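Working notes for the structure below.
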Ligand SMILES: [Fe+2]
Ligand SMILES: [Fe+2]
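Residue numbers (my numbering): 46 to 290.
In structure tokens form, the structure reads like this:
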């Protein structure tokens, strides 16, 4: 697999929100709106980034198609933000300017290390897979369910894309470097998982996740990604990723 294929994939996936069944009028009742408002505001904010720093860092890969793929990835995340934003406007939910978790996240990824930045971004993709599954389960809104379903399909693709880049870094490390990578990343993911539970437990609980189930789901996604990074599991081609989420 080459990054040329990923670039082509991101190019061809631009109109993937066109089929969303927008109702044009509020679908959430007061209880549901109260339940999801805080987290959907934060995820909408988190998905919306200009990605300038990431674009610059991507040049370290010395592969023009990787940089073009990163550009496509950033646009796709912005599409997620736009779809969530349109839904929030329909429900009269305000967007937010800042949030402490988003500020910390965006500060962490402003390192000069492309490898570390991808590690953090991949952790965010893994978190997204669990959160949007919970949100899809937690809501009765047809529109929001459809948005979550499309985002989940996209995030599965993003996980394949990020793991294929991280694998290139992992394979360059010696055995001690690989040991450090695996253990540091596991510790980082554990810490992230705790934060995510305490931040979004109301939606996660309504979506069927207890604390134990949530931690298990996040660490299972992490283990699957780690197996791809270290070469113990195949990384799917863009056209072959499982589309059922
Ligand atoms: Fe996203
Ligand atoms: Fe993503």
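Positions of the beta carbon are idealized from the N, C-alpha and C atoms, including for glycine.
Note that this is a predicted model, so its numbers are computed, not measured.
Buried or exposed: where does residue 285 fall if 16 or more other Cβ atoms within 10 Å of its Cβ makes it buried?
Note on residue 285: pLDDT 46, under 50, position unreliable in the model; the coordinate value appears next. Exposed, because fewer than 16 other Cβ atoms sit within 10 Å of the Cβ of residue 285.
Using the three-state DSSP reduction, which class does residue 283 fall into: helix, strand or coil?
Residue state for residue 283 is assigned as helix, using DSSP reduced to three classes.
Unbroken alpha helix (DSSP H) run spanning residue 218, endpoints
Unbroken run through residue 218: none, as it is neither H nor E.
Give the C-beta separation of residue 226 and residue 218 to the nearest angstrom, bearing in mind that I take them to be a contact with Cβ-Cβ under 8 Å.
6 Å
May I ask you to verify whether the region 246-260 touches the region 174-185, counting CB pairs closer than 8 Å and requiring at least 3?
yes
For ligand 2, which residues count as neighbours when the test is a C-beta closer than 5 Å to any heavy atom?
170, 200 and 203
Beta carbon shell of ligand 1 at less than 5 Å from a heavy atom
92, 122 and 125
Buried or exposed for residue 172, please, with buried defined as at least 16 other CB atoms from any protein chain shown within 10 angstroms of its CB.
buried
Leaving out five residues before and five after residue 289 in sequence, what residues of the same chain have Cβ atoms less than 8 Å from its Cβ?
With a pLDDT of 47 at residue 289, under the threshold of 50, the modelled position of this residue cannot be trusted; read the value that follows with caution. Closer than 8 Å at Cβ, skipping near neighbours: no residue.
Using the Cβ count rule (16 or more neighbours within 10 Å means buried), how would you classify residue 114?
buried
Tell me whether residue 114 sits in a helix, a strand or coil according to DSSP, three-state version.
Three-state DSSP puts residue 114 in a helix.
By the three-class DSSP mapping on this structure, what secondary structure does residue 179 have?
helix
Selection from 222, 181, 194 and 166 that minimises the alpha carbon distance to residue 118
166
If contact is defined by three or more beta carbon pairs under 8 Å, each pair taking one atom from either stretch, is the region 76-91 in contact with the region 121-138?
Touching, yes.
Does the region 232-250 come close enough to the region 64-77 to have 3 or more Cβ pairs within less than 8 Å?
no
With H, G and I counted as helix, E and B as strand and the rest as coil, what does DSSP make of residue 70?
coil
Note down the Cα distance separating residue 257 from residue 277, rounded to an integer number of angstroms.
About 26 Å.
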